[in-house]
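Structure record follows, encoded as structure tokens.
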């Protein structure tokens, strides 16, 4: 997982939203392996866009594919 993430950061495939996309992908990878996703601190999130928009973005991203952690929702509680 760490090697994949390092390579993704190195090739930097996204013109816009690289950091946000990487964090959502890292959260998914951690959930798939049974770990809790990283806690994103509010000041960092608010520097991108309003928190409500960010929560909607994460909900959309986490609804794609299997986002279950041992049969339970991975995170994103309302």
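Numbering (our numbering), first residue to last: 471 to 548.
The beta carbon of each residue, even a glycine, is placed where N, CA and C say it ideally should be.
Simplified DSSP assignment, three categories, for residue i
i: residue 502; result: helix
i: residue 489; result: helix
Proximity test, Cβ basis, 9 Å: residue i and chain B
i: residue 485; result: Within the model displayed, chain B is absent; a lone protein chain is all it includes.
Own chain, CB closer than 7 Å to residue i, minus 5 neighbours either side, in chain order
i: residue 479; result: 492
i: residue 482; result: 488
Other residues of its chain near residue i: CB distance less than 6 Å, five sequence neighbours each side excluded
i: residue 471; result: 499
i: residue 497; result: 507
i: residue 503; result: none
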